Structures are given as C-alpha cells and as structure tokens.
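Under the working numbering, the first residue of the sequence shown is numbered 6, with each subsequent residue one higher.
Following: one structure in structure tokens, then a few remarks.
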Amino acid sequence: MKIIVIADDLTGAAEVAGAALRFGLSAEVQVGQICDSSAEVIVVDADSRSLDPATAIARVFELTVQALALRPDVLFKKVDSLLRGPVAAEIAAVRAAGGFQRCLLACGNPRKQRTVVGGKIFVDRVPLHETSFAQDPEHPCTTNDVAELLLNPTAIRIGDVESSGDLLVHARHWHSRRWTSLAAGGAEFFEAVLAVCLKAAEPSWEASWFEAGRLDVIEDMPLVVDGEVLLISGSSMAKCDGWPLVSYQGSQASSSLAGDVCRLLHRHGRAAIRAADIAVGSPESRINILTEIASDVLAHCRPSQVWIEGGRTASKLIRELGYQRMVAVANAGDGIVALRSIDENSPLYVIKPGSYPWVPPASSAIDESAIHETEGQSSRVGVSLGNASGNTLVKYMVLLSMVIGASKTIAAEAQDFAAIASILSEQCIDCHNAETREGTVDLSRFNSVEDIDRDRSLWKTLFDVVEAQQMPLPDSGYELNDQQRESLLSFSRQMLSRPDPNLKAIDPGKPILRRLTRLEYNNTVRDLFGLDYDIFMFPERLPIADKDYFQHGTVVPTVKESNHVGDQRATFATVVETSMREYGQKYDVLLPQLGLPADNRAEHGFANRGDALNFSPLLFEKYLEMAAAIVSSDRLLADSGVLQDLLGIEPPTPKPVANRGTVVPTVSKQSDHDHGGDHRATLQARIDGFLNRAHRRQITDTELQTAVQFVESQINSGQTETPALQRMVQAVLSSPEFLFLSEPIIESAGPVRKLGPYELANRLSYFLWSSMPDKELLSVAKSGSILDAEVLRTQVHRMLAERSHSRELSESFAVQWLRLDQLYSSKPDRKLFKKFYSGPQGKSTLHGPMMIEALLLFETVLAEDRSILDLYDPDFTWLNQQLAKLYGLEDSYRATRATASARGLIADTLDDRTVSKTWIRTPLPDRTRGGVMTMAGPLTLTSLPFRTSPIKRGAWLLETVFNRPPSEPKVAFVLEEAVSEESDGPQIQTVRQLFEKHRSDPNCNSCHSRIDPPGFSLEVFDAMGELRTHDGEQPVDASGTWNDHDFASPAEFKDAIRAGEQELVRGFVEHMLSYALGRQLEHFDMQAVDQIVADTSRDGYRMSDIIEATVLSYPFQHVRNQP
C-alpha cells in the first residue's frame, strides 16, 4: 500500500509519520517536493501554514500533482487541529488537482482535548477563541466556529469529534466514498483512517527512550538521551528550566553565538536556543535569527540529537540544512517523532509541534471492536523498532491486507477525472449545463467519478457520441483533438467497466424471466416431439418451401484446416436450389388453422427481448388452445416417436387419410397395458424422461410425483392411460416451466452468481438454435461438465455444425439484424420499377430473391467460418437469374453457371422455372456490389415507393452496421413526405440537393452529419437496388466524408469504413451479444464487448470465434442475483 500525506508544516508531517510507525508502516518525510520512495507512507511538508491563500493554492496544487503521479492508494490532507493557516485554500487545491468532489474534515485531536462539537472547536472544553491560542501572533482568532475559521468554504463536510470513536465513524464514512471524497484532518484522524484501511487495532505504545543518562528536564518528562542534545525552541510557550540557554540581544553575530552554544554542549552535554530569548524583531524575524544560529551551531559541532519545538522553526531549519528526505525512526511521545536524514551520519532530529507538551498520553489504543469489519484476508506482522542496542520503542501487531482499491487507485482515478473534467469544461459544458441542457443533457453535474457511478447510462451515451464523432457538433466552434478524444474514450471505458458499487462486481445484467418467442415455441414443440415440420405457419418465415436448401449434399466436400480442435470448416455450396413461395402462402404444418400472434419487436432490438415479450390472459388462452390441439393431433401421434414412447404404444398402422396431400395414419388412443406390480415404475420412468426434456432440466422428485399422481387421478376417474397421459402433456405444454425461460434468484448465492449447468445449456441452445437443448447438451448439463470452458467450446462448434438447427441463427438472428422481416412491407412503385414485378398480373415479386441473397451470404460466412467483415465487403454474391438481370451481372452469372454445369452440379439445360430457383455463387467484377450494404433487399427496404431515401439508408446503416441508431426527428419525416410528393412532378433536383437545405440547419446537422454520408454513398442505387448514374435528369453524387476519409462511390465508402474496421466489428458483436442475452445491452456490457472484439481480432474476426467468445463472455455465463 502506498499512502501520501500533504502536511502544512514539518511537525505536522513528522506527527503523521509517527502515526504510520505505530501501525507498522515505514514512513518518510519529504520537504518541498515529492519523489518516489520505498516507504509505505510518504509525508510531504508543504510549509504552507504562513502563506497567503493564493500562494498556498499554487504550492499545494503542484505537490498534489506530484503525489498523484506516484498513483497512491490513499491521499490524505493533514491540517492543523486548530485550523491555523489557509486550510480551506489548501483543501481546495488538493480537490482541484485530484478531482475530489468533496472533503470530509475531522480536525479534532481528542487525546489532546481538542474537540469539535456542533461545528465549534474547544480546547479542554474551552472555546478556542477564549484560550491562549487566540493570541497566536500569526494566527489570531475571534471565533471557534469551524465554518467561519474556514471563511465559509463549499464542499467541505465538517465532522464533530469528541472521542476516538467519532474519528472511526468519520473514517468509515470516508472509506465508503473514498473515490470521490478527500480525507483531511489532524494526526488522530489519520490514525483512524489507517485503522479502517488496514483493519487494524493499534495498542498502547511504550514511552521508553534511550537508556543512557536521564535528563529530568522539560516539564519533568524523563527523557533518556545518549550524547549531546541541542534544543531549538520556536514556541513562545516553551519551558526549558535547567537547560543552559543562550540569549540574543540583537548585536551579536550569529557565528559568535554559535560558538557559545557549542561550548555549552561540550561542557553540559546539552544546550538550548529559544525564539523567546531573541528580544528583537517580529515573530518571523525571530524565527529567521533562531534558525540561522542553529545552522551555524550544526556547522561547527555535531550533537547526537537535535530537539526542535515548533513547526515553522522545524521547517525552516531543515530546509536551511538542505535535508529533503528524512526517515521516521521512532515515537518519543504523542506527536513527538524522531527523524533521521537518509544520510545515516546525520543527527537524530526529535520534532514536535510548539503547542504539544513533552509528555506521553496515558493511552493511545484504538478499540479493535470499533473497527468496521470488511472482506479480505488479514495477517499479523510483528514490528520492532529500536536503537543500535536493540531496545524496543514500539511493539504491536497489525492487521494487513484490507482491500482498498477497485480497478484503479483513488488518486490515479481522481487525477484522470480531473483531466477529463478539464476537457468537458473546455469543449462541452457551455452547451450541456444545468441551464442550457441542449439535447436534455447536463454534463455539469459530473463532478467526480462517484457522479459517473450514479448515472453510467448517460456517461455511456457520452461515450457513444464521442466515439461516433457526433460531438462536438461540426461548425459549433468546439472540436476535440485526437488526444482529447482518445483520453475521453479511454477514461470512459475504465469508468464503465468498474464494478457496480452495490453488487461489488461487474453487473452481468438482470435475471431473465421471459416467455418463448413464437418461433422458439414452434421449434421447441417440434424438437420435443421429434418432428421435421413446423407446428403452425409463419407468413413471414423464409419464403423457401424446401426447408432443406442447406442440405449437406449441396456442400462441396472440401475441408480446410482449422485452428479449432475437432472443428472442420467446410466450403459452402457453389449451387443451391430452392423452391420459393410467395409471402403468406400456406405450406405444410401440423396445425394449419391455428397460430400465435406475432411477437413485439424492440425498436432497436430483437424479438427475444424479455422486456418486449408481454404475456396477457388472451395470449395464455391461445397457448391453452394450441396445447389442446397439439396433443389431440392424429398426425403428431403418428409422426412422434417421443410421444409414442411416452404413451407406451407401438407405432400405429397407417391408414391413408387425405389431408392437404399428406398421408396421415389413423390411430387408436386405446391401448392395453400390463397393470402388474412394475407398471407404476415403468409409467413413472416414461413420465420422468418426458418431463426432463419438456422442462429442459432435471426435474425434482416432487414434480415427478405430482405428474404421476395427475395421470393416476385421470385413470381413477375413468380415463384410459393414453388420454390421461395426453392430458398431462397438454398441461405441460401450457405450464410456466415450458412457456418461460427463467433464471431464478437463489437466496444462498451472492449478489452476482454464475449460471447453473441447465441454465447455461438453455441459454446456449436458444441462442444458436432458437430451440430446446438436445440430448447431448442436456447430458453435459446433467454431469455439470458444461461449466468447463473446453467442454463448452466443443458444444458450441458441434451445434454450429448441425446445419438443420444452426440455420435458425440465419432465419432468426440474421433476418432481424438486417430487418429483412420488414422487407415485404416495401413495395416499389409498379410504374417506375417494373423489373420488381413479374408473372401473371405481376403477383410475383423480388422480395423472396432479395431475402434469399442476404441469408445465403450470412450462411456462407457461418458455414465457411469466414471473417464477419465478409458480410460487408465480399468478392462474391449469390444470384438467381432474376437478380442477375437486376444487377446487370447476367454475363458473370451465365459464366459461373456454365462452370457449375461442367462440374456436374447442375443440368446442362434448365427451364425457366428451374432457372429462377437455381442460385449460383457468382464472383463480382468490382466492389460496387458485395455485402449487405449494397444488396437489393436492404436497399429496397430503406427506400420510398417512388424514390430513394438517403436518410432511411443512412439510419439503417448506422443501426445495422454500427449499432449506433440515430434519433428520428419529426422534421425528417415531414421532409421525406415533401420529397415523395415532389417526385410526382418534373424532377429538377436530385434527392441529395433537396436535402442540402435541411442539413444546413444547425438543429438538424447534428444527426445528419452522421446519417447522410453513408446514405449518399448508396445513391448510385435506385429504390429497388438497381445501379444508376442519374437521379432523374441530374447526375448522381455519391460523395462524402466518413471519419476523415473522403469517398465518391460505394467501393470507396467501404474503404472508409474498413479503415476503422473495429467499429464494424463492435457493432456486429453488440448485436450478437444482445441477441444471445435476450436483452438490450447496458453500459456494464461494454467490457465484455471490448473483450470479444480483442479476443477475435487475432484470427480476423471469424464468425465461429465471435460466437464462441460471446458464449464464453462474462454476461453470458453470469446473472445478477437480484431484480
């Protein structure tokens, strides 16, 4: 532990160093400046007590900066217990340099009968201004009110002090706020701070001194000395009865008096020089004469000990002698400390304040029971200090290892905040203060790191806009240079990664209690019963009738080597054949007449967000209806081996029944069973197996017996076993255990806990498969081995390799990420964009091909484990004949198709219908196309019916690519309508020209400076994604600037964003992590995002690496164990 104390004079510095010795800490007193030292406590004498406030501020501020450079664990301001000197100015200087929001001042020294009661100082129960201290020539006082003595300062909390117990209370209060609050006070408060920080009980110390001849002098204190002793007293109250004294009358030379003192030393072994015996000049000049004489004495003779009384005298003499670093050796009394220069040949300097007596206290022990117990191990270390003969001066045991720091030390954090506060004051506060509150943001209330802790969400917003270079606004007159921006971002990352003060850990996010989404419900029922078709129809589901369009047989069997153990990266298909259906067209499902309402989507999130998944009584009725229909389905009983095993029946003999062209066997629900003695055990085993899968965990014996008793009660009421079991299944499918994913609060766990094995298995399965865990995943959960990182990695790669399941990551995550589920609501004008429509009456559209192109790219990156950067800038795309024609890439498409035909992948000749459903992986001639940004689907999605919308495209890019969605002001909506209306008439201006006036408005420019450049980069594509050179009669202008990179085309815009590729990766990782967690990301997730980005950079941000790092991340594996 490193502790630094800034004192106002040398005796105060020595007193604090003595306190450190009594706690077993090494201590060093430094004079005038601070330098690094091996000592655990560094105390610097600022010599500021007699300075004017302005000079004191300058000196103390500089010393504080020097102190913070050493990154101490504790920074303490030692002040005079009677508040003499510019105390408020010194505290203000430390607060300013260290960034402390406030100061806790406890100036009382109760052992010396100096107390503070009701904010007023008393000495021996007498008000300060009625004592002799009121007549101090340098610091007279007319009041004992602390606030008045400090000239009514701000941000200083004054602590009443009547006992050492009060000091401990204040120390504990400070310790709980140590990141933002400065501790200031006398030596006894410093002792209390040490006691709390070290969790130490400090016993009485022995007042024994050196054992050679005794000198019964100086107020009858039996001090023991060895050798010659020089006493130098600057105190006006000094009593030196029995000491040989030298008086100064104003006419002698100091060298002459020095000779007299040396002779007295040699003759008597002791001599004294007092300021009180200097009869001329002001108090200041008397101190100057006194130290001049003492310096001459020490230049001619070398006493073994020099006793100095009075802080001003000690400071001036030590400086006069040129000492800068002195080691604290021992305590001679309460506030009486022996120092020696780091040059061991120097005399021993015994120093005390002028107002302290030369007597020890009766006791200085701190009650151990009063110390606040805190977490952390403690050890006892014996420390013995003494003279060369080994005589013990101090013996005691001290508790160590108190956990003081969090991620940074107090002072370093405060120093960092001070630098950031300066940037905010210079660049931000003029607009974002308590009065102006532009954007409803007030940054002036962030006065400390504690304020950041109270509102980290707003600070995260500050991080986002600074990182995105949205603030300060262009042309605002304010601008962050590169160093300021990086400092602000780096500091923000540190602050937002700090442990939550209440949780004592990084917040992993609140526990999840959410219902299954409609897709998850469908998939879970499907997999629970082992079906290969949907339970009900999804009109918006991928418009491909052949759900096995990613069959293994379509994958070219080429395997690349991998760095992942047991992982093989297959090259994805060259040709894929699909059979598409139009939006809303019916397809084969279990229950064609039933369904569940669509899930609500978070505005900037996914459908699996718990806060968006409401659960109403009406929806519960739907689930009850669905469960009844499922269990009564003859087709389910015919197709589900799981249900047959549960019911204990053989697969029925099929009897053809017409049902939408599907052969469905009829079955009997009556079955005969052996009701012998083992039947109940057999029934119980069947129910146990089913419930474990349905509940997605190991059920309890109580749950099992409840289910068995339910079935038996149905049988006892006259039902046969099969319908009784079906009733149980119906109850299970509508139960909370089935319909909800939950991570319950566990009473015996702490505020943050790690997920249990079944919780982790479910979170993983619903992330990758949008469905329940399979048999193997439940097995590793049951054994607990899933909690092992290597086992978890193996499961991740196994599950990704299961193409029939992992395609859900495409159809759920990718569709929602790219907003393709909204594509069908985009309908380009039929007259202007005729290529979009085909077939009889133009009922066939390009919606389906546009969606398939995007998902085939995502699936290729996933299957081949490519870098996710290939989602934005690949050298290929997937085309069928329709898209090839739209893109003007028919030659490339035909050439690639011919190559595929030559390899036998497709037939030599294809009819029109076959051509439309045949997808060829086609190389791109240049980078105008390629990636999700330049695909027809997103381009159509972000356009208006009549024309393009740079605003919608720019906003889509910011949200989808960078996960930095802009606000959507109403003025933008009005402008879009105006543009749409104007497009009906003669077109004089381009879309870009129409928006220039709007963008020039300072109120709008803050958002549009970020939205418009990416939107304009795509202006070479029309409203259905076809390449163009003109917008009406005007040439298209696709130029702009992004992060200081100029561009004039989509390819150059890709170069601009690839220059800052971590922004791309961070945006994708944030989307992926949000989807995996089923919640919106919060400020406390930033550390996890940073870690995922860093961990996956080594191999170029491969898809599997990002998925694996997401699963291994802290928030994925932990949960807050409280609401």
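Here a beta-carbon is modelled for each residue, glycine too, at the ideal position from N, C-alpha and C.
It should be emphasised that the depicted structure is a prediction, and the values quoted were computed from it without experimental measurement.
One question on the structure: do Ala101 and Pro58 come within less than 7 Å of each other, judged by their Cβ atoms?
Cβ distance not < 7 Å, so Ala101 and Pro58 don't count as in contact.
Look up Pro659 in the DSSP assignment and say whether it is helix, strand or coil.
Residue placement at Pro659 is poorly supported in this model, since its pLDDT is 49, which falls under 50; the coordinates are not used for a value here.
Per DSSP, which residues does Pro1040 bridge with? Please list them.
Per DSSP, His1035.
Tell me the DSSP secondary structure of Met1108 in three-state form.
Here Met1108 sits in helix by DSSP.
Spatial neighbours of Asn767 within its chain, please: C-beta separation below 7 Å, excluding the five flanking residues on both sides.
Excluding sequence neighbours, Asn767 sits near Arg701, Leu746, Pro778.
Rounded to the nearest angstrom, what separates Leu501 and Ala794 at their Cα positions?
If you take the alpha carbons of Leu501 and Ala794, they lie about 26 Å apart.
How should Thr953 be labelled, buried or exposed, when 16 other C-beta atoms within 10 angstroms of its C-beta is the threshold for buried?
Under this definition Thr953 is a buried residue.
Name the residue from Thr799, Lys357, Val334, Gly359 whose alpha carbon lies nearest to the alpha carbon of Asp348.
Out of Thr799, Lys357, Val334, Gly359, Val334 has the C-alpha closest to the C-alpha of Asp348.
Would you mind stating whether Thr4 and Asn613 have Cβ atoms separated by less than 7 Å?
Not covered by the structure: residue 4. The range shown for the chain is 6 to 1128.
For the stretch 707–722 and the stretch 753–761, state whether three or more C-beta atom pairs, one from each stretch, are separated by less than 8 Å.
As far as the Cβ criterion goes, the stretch 707–722 does not touch the stretch 753–761, which means the pair count is below three.
Does the contact criterion of 3 or more C-beta pairs under 8 Å hold for the stretch 708–716 versus the stretch 686–697?
As far as the Cβ criterion goes, the stretch 708–716 touches the stretch 686–697, which means the pair count is three or higher.
So for Cys112, helix, strand or coil by DSSP?
Coil, per DSSP.
In chain order, what are the residue ranges of uninterrupted alpha helix (DSSP H) at least 4 long that sit wholly in the stretch 738–802?
Correct list: 741–744, 762–773, 780–788.
Quick one, are the C-beta atoms of Ala859 and Met938 less than 7 Å apart?
Going by C-beta atoms, Ala859 is not nearer than 7 Å to Met938.
For Pro1040 and Asp532, what's the separation of their Cα atoms in angstroms?
Those two C-alpha atoms are separated by around 55 Å.
Go to Pro249, then tell me how far its alpha helix (DSSP H) extends in each direction, as first and last residue.
Element bounds for Pro249: n/a, residue is neither H nor E.
Just checking my contact of Gly103 with Ala426 at CB under 8 Å: how many whole Å lie between their CB atoms?
About 11 Å; that fails the 8 Å criterion.
Assuming Val234 contacts Pro308 (C-beta within less than 8 Å), just tell me the rounded distance between them.
Right, their Cβ atoms sit about 6 Å apart.
Bridge partners of Val1098, per DSSP?
DSSP lists no partner for Val1098.
Locate the alpha helix (DSSP H) running through Gly359, then write down its first and last residues.
Run containing Gly359: none; DSSP gives neither H nor E here.
Using the Cα positions of Asp1042 and Glu1057, report the straight-line distance between them to the nearest angstrom.
C-alpha separation (whole angstroms): 13 Å.
When you compare only the Cα positions, how much space is there between His437 and Ile956?
Near 26 Å, if we compare the C-alpha coordinates of Ile956 and His437.
Suppose you measure from the CA of Thr945 to the CA of Pro833; what does that come to, to the nearest Å?
Cα to Cα, Thr945 sits roughly 8 Å from Pro833.
To the nearest angstrom, report how far apart Phe1026 and Arg1033 are at their CA atoms.
Spanning the two alpha carbons is a distance of roughly 6 Å.
Whole angstroms are fine: how far does the CA of Asp639 sit from the CA of Val1116?
In a straight line, the C-alpha of Val1116 is about 40 Å away from that of Asp639.
Looking at the secondary structure, which residues open and close the alpha helix (DSSP H) in which Lys627 lies?
Taken as a continuous stretch (DSSP letters only), the alpha helix (DSSP H) holding Lys627 covers 622–636.
Pick out whichever of Ala51, Pro749, Ile1111, Arg275 has its Cα sitting closest to the Cα of Ile323.
It is Ala51 whose Cα lies nearest to the Cα of Ile323.
By Cβ distance below 7 Å, which residues in the same chain neighbour Asn527 in space, the five residues on each side in sequence not counted?
Counting only Cβ-Cβ distances below 7 Å, and skipping sequence neighbours, we find Asp539, Ile540, Phe541.
Checking 7 Å against the spacing of the C-beta atoms, do Ile39 and Ala63 come in under that value?
It is not a contact, given that the beta carbons lie outside the stated cut-off.
Using the Cβ count rule (16 or more neighbours within 10 Å means buried), how would you classify Val623?
The question names Val, but residue 623 in the sequence shown is Leu. Result: exposed.
From Leu688 to Gly535, what distance separates their C-alpha atoms?
Roughly 21 Å between the two C-alpha positions.
Three-state secondary structure (DSSP) at His134?
The answer is helix: DSSP assigns His134 an H, G or I state.
Check this for me: beta carbons of Gly124 and Val151, under 7 Å apart or not?
Cβ distance < 7 Å, so Gly124 and Val151 count as in contact.
Helix, strand or coil for Asp14, going by three-state DSSP, please let me know.
Residue state, collapsed to three classes: coil.
Per the contact definition of three or more C-beta pairs closer than 8 Å, is the stretch 963–970 in contact with the stretch 1062–1070?
Verdict: yes, contact present.
Going by CA-CA distance only, name the one from Ala276, Ser290, Arg317 that's closest to Leu303.
Ranking the options by Cα distance to Leu303, first place goes to Ala276.
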